[in-house]
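Novice: Quick one: this structure, given as structure tokens, is what I'll be asking you about.
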Amino acid sequence: RRISSARFVKLGTKQTIDKYEFINYGAHSSTIQYSYLTIAAAIGIEENDIEIFMKKFDDVYQKLRRNATSDK
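This is the structure in structure tokens:
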């Protein structure tokens with residue numbers, strides 16, 4: 001609730017538009033040194049909304065980590 005526009009920015013992503021190459025495309029800078037996740041929160045969001053989101057995010061993240069470990 002009240003959280004949207006989640007996107008993952010992967011380090012090293014390159015995009016060429018016309019003759020211009022953008023390094024770390026989608027990030028705010030070409031010099032970032034790590035991948036990151038960005039999430040938008042709506043005006044009026046309450047602390048409880050953030051707690052609910054973080055709980056759900058952690059559940060999904062832990063499942064992804066378990067799957068990545070079991071694939072090795």
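Under full-length UniProt numbering, the letters of the sequence shown match residues 1 to 72, in that order. Ideal placement from N, C-alpha and C gives every residue a C-beta, glycine not left out.
In this structure, how does DSSP classify residue 46 when only helix, strand and coil are distinguished?
Specialist: For the purposes of this step, residue 46 is identified with residue 46 of the sequence shown, where counting begins at 1. Note: residue 46 maps to coil in three-state DSSP.
Novice: When you compare each of 67, 17, 50 to residue 4 by their alpha carbons, which one comes out closest?
Specialist: Here residue 4 refers to the residue found at position 4 when the sequence shown is read from its first residue. The shortest C-alpha separation from residue 4 is found at 50.
Novice: Rounding to the nearest angstrom, what Cα-Cα distance links residue 25 and residue 48 in this structure?
Specialist: On the sequence shown, residue 25 is found 25 positions in, with the first residue counted as 1. On the sequence shown, residue 48 is found 48 positions in, with the first residue counted as 1. Each residue's Cα considered, the two are about 33 Å apart.
Novice: What distance in whole Å lies between the Cβ atoms of residue 35 and residue 11, which are believed to be in contact at a cut-off of 8 Å?
Specialist: For the purposes of this step, residue 11 is taken as the residue at position 11 of the sequence shown. For the purposes of this step, residue 35 is taken as the residue at position 35 of the sequence shown. 4 Å between Cβ atoms; contact.
Novice: Which of helix, strand or coil does DSSP assign to residue 52?
Specialist: Locating residue 52 in the sequence shown gives position 52, counting from the first residue. In the structure shown, residue 52 sits in a helix (DSSP, three-state: H, G or I).
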